[in-house]
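Here the sequence shown stands for residues 1 to 649, where the numbers follow UniProt numbering.
Idealized CB from N, CA, C, for every residue including glycine.
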Amino acid sequence: MASSASEQPQAPSHVVPVTFKEDAGYCAPRMEPGDAVALIIGGKVLKMARPTGIDVARQHTWTLSAAVPTGDHVYCYAIVGPDGRIKQREKKRARRQYSGFGLGGGSMICSTSQEGRSVCVDADTLFVVVSDSGWDPMPSSRYTTVWHAQDTSQVSSSSVWSSPQPPAPFTALTTTQSPPAPWPDQVQIRRFDHNASAFGRNPRDSATTIAFNGASQATRQLAKSIVCGDIKAAAARCMIQQYGADPKVITATNGGAARTLIDLVAEYHGGNDTDDLVRLLLAAGCPAAVDGQCAIALSRAAKKGDWDLVEAMLVPQHAAAVGGQKLLHAVAQAGGYDNDRRVFRPLQPQGVLSVIKSIADRDASVLTEVEDGMQPIHRFCQHPLTDPECQELLIDFFVAKLGRDVVNVVDGEGKRPLWHAYLDEMNTIQQNYSTTVTRLLHHGAQHLDTPNSDGVTLLRKLAGSTDATKDVLVRLLERGASVSAAGLVPPRHGRRLQTLPGVCGYRPDRPYDDERSDDSETAEKTLIAAYSHFLNKSIPQLAMDAINKALEPSRGIMASLTQRIPFRTEPTILPPDALVCINKKNPTKDSSPPPIPIGDSPIGGRINTAVGRYVAEAARIICTPSEEMEKQPETAHPSQQGRGVPLRP
């Protein structure tokens, strides 16, 4: 009986179609004419299809659909010659599966599993798409998208293949072997992000259940192709016009939330023609958003930095709502590596600025939406545009829309835009903060010394930053920040501060030596060094700039004279052009210097008073003839009289 039982034929294992996509850009330089990329799985070598089209995301992507049975299968890629023989095989690597991070500063906890890449097929699997990238020395799997049936009893060969007899395991599939098969009304899409496990995240977090609500099989296949990212606008048009796929269908996902096909495009589709596909679906009647809900696709496109898709959905006739989604927050934090398109997506400043204006023109309320206590002005100071001119135009746009008060608006932690212009979200100093800070100050940004909700001023926070430098602190002091308000100079440093110019007890014979500061108090040491530089170098230069600017009108009057002034005549007769200049500007009364931004008292008031008195006296002397002028012959040109003549003491 035992032998007869062993002779009974075993039921064929569950076999599903698996599409492999390998971005072989790393190995492309090693390939010769006639070579190809092949998939090695189940002991078989299957040659993959060459990249086609001009899609940038797929210019190195080789594809292959194969029949894979249930189980966990190890596979790899290789380069084969025209005769099909393996010329080079990618090196196996030990896959590390991260289970978490140690607490309290502990090290990363990880375990090493089997070597090579792997794909898993379960009993409820309907379809699998595997997207890989990399070659030696960095082979990696990006993500795997798996379609599951909600009810395992619905899974059979007829639900996966068009015929009851499935293909043999580990064989390549042609288009005739894998035509669309009837799909159940409810499926689950599970995306395994292999890179996420390296950061301690669960790769199974991305799971979406879709209910088609009785939609036609053509519509279900259209949704499947969108999620797999292997359909273009032309193919979608064919499925809609020839096979009757309904683009207006509304699917239900986890929790019963309704989604449109455009939502699936924004979430899953990874091609470079998403905007064309969305335009086609919108033109065919697909709603931009479910009634009463926000445009999910618009928010996802903004987070990805897909400006073409955003612009496609902002077309007025489609009327995609923009409010309530915090779109500008998403735009400010968009960019970086696009995992779907396998490229680094740098944000084009001109495109970002155009999108922001388009969104705000549709609904101005997006400019004041709050996320994590912050408004968009805080986000764009924290994440400035890379082009200085575009960043200035962006701040100007906020001011034009919301008024000058926007540059002083407070976030949930008591911070203002100036704070975020200096420090990013990691409390490290911005590399290109000058453009944003200068423009904010131009529009009236204040409160340099107003502390946040923790009672800390910006100067104190910058001084305590790990990458704080003297130059950064000096620039802030030159804009009027106060050392006293920062509270970074304890009483025990009072004796040391007496060696600083401008402080009571200053002794010129004992200049300040910043090396005597306590090395354990880095913030205080950095600030004292910056304050010493500010007092000894910055203030004299600022004073000279203020004096020269204040005296410029008086000097301009003397330089603009075209006729000799007869000083010896009684009464003195001035040329007409001199009278015009003097009537426009009274140098002895209007030559007040601009205040020097010194945040601490009484030194700030004393220096500004001294500079003001000097300017007033200098302006009077400039327009008063000296004894040397009186002795010069009347034939001398006024320009010669007014130049190089020492001023009266």
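Tell whether a beta-carbon distance below 7 Å holds between residue i and residue j.
i	j	result
Val611	Ala530	no
residue 653	Gln348	One cannot answer for residue 653 here, as it falls past the ends of the chain, which runs 1 to 649.
His378	Asp405	no
Gln382	Asp449	no
Asp185	Ala233	no
Ile40	His73	no
Ile528	Asp467	no
Ala36	Val68	no
Ser554	Ile622	yes
Gly480	Gly323	no
Gly305	Ala332	no
Pro593	Ala550	yes
Leu402	Leu441	no
Ala485	Thr526	no
Met313	Ala321	no
Quick check on DSSP: helix, strand or coil for residue i?
i	result
Phe534	helix
Cys120	strand
residue 663	In the structure as shown, the chain starts at 1 and stops at 649, and residue 663 therefore has no counterpart that could be examined.
Glu371	strand
Val80	strand
Val45	strand
His442	helix
Glu90	coil
His329	helix
Ser216	coil
Lys304	helix
Gln188	strand
Glu22	strand
Ser131	strand
Tyr433	coil
Ala550	helix
Gly71	strand
Leu423	strand
Pro597	coil
Please report the distance separating the alpha-carbon of residue i from that of residue j.
i	j	result
Arg496	Ala400	Annotation note: pLDDT 45 at Arg496 (below 50); position unreliable, no value reported.
Val227	Met374	34 Å
Gln221	Gly34	34 Å
Lys537	Gly556	28 Å
Thr219	Thr251	10 Å
Ser482	Pro388	28 Å
Thr438	Glu552	24 Å
Asn213	Val187	11 Å
Asp246	Ala289	16 Å
Thr63	Val119	15 Å
Pro451	Ser601	18 Å
Gln350	Cys390	7 Å
Ala302	Val352	10 Å
Asp308	Gln217	30 Å
Phe380	Lys461	20 Å
Pro597	Ala364	36 Å
Phe170	Phe127	15 Å
Trp419	Ala360	24 Å
Val45	Met239	33 Å
Ala94	Arg117	Bear in mind that the predicted position of Ala94 carries a pLDDT of just 48, short of 50, making it unreliable; the figure below should be weighed with that in mind. Near 9 Å, if we compare the C-alpha coordinates of Arg117 and Ala94.
Gly84	Met31	14 Å
Phe82	Ala38	Here residue 82 is Pro; the residue named in the question, Phe, does not match the sequence. Approximately 11 Å between the Cα atoms of the pair.
Cys504	Phe397	Low confidence applies here, because Cys504 scores a pLDDT of 42, under 50, leaving its location unreliable and the question unanswered by this model.
Phe534	Asn548	20 Å
residue 650	Gln165	For the chain, the structure presents residues 1 to 649; residue 650 sits outside this window and is missing.
Ser434	Ala223	48 Å
His14	Val130	18 Å
Val370	Lys415	14 Å
Leu277	Thr260	13 Å
Ser532	Lys470	10 Å
Leu281	Arg237	8 Å
Pro376	His329	6 Å
Ile262	Pro182	23 Å
residue 667	Leu394	No answer is possible for residue 667: it lies beyond the span of the chain, which begins at 1 and ends at 649.
Arg89	Asp124	32 Å
Ile607	Arg362	51 Å
Step through the CB atoms of chain B and report whether any lies within less than 7 Å of the CB of residue i.
i	result
Tyr433	Absence of chain B from the displayed structure is noted, only one protein chain being present.
Would you say the beta carbon of residue i comes nearer than 6 Å to a heavy atom of the ligand COA?
i	result
Pro384	Among the components modelled here there is no ligand, and therefore nothing to report on the ligand COA.
Any chance the segment 265-281 sits against the segment 294-314, with 3 or more Cβ pairs inside 8 Å? Touching, yes, given that three or more Cβ pairs across the two stretches are closer than 8 Å.
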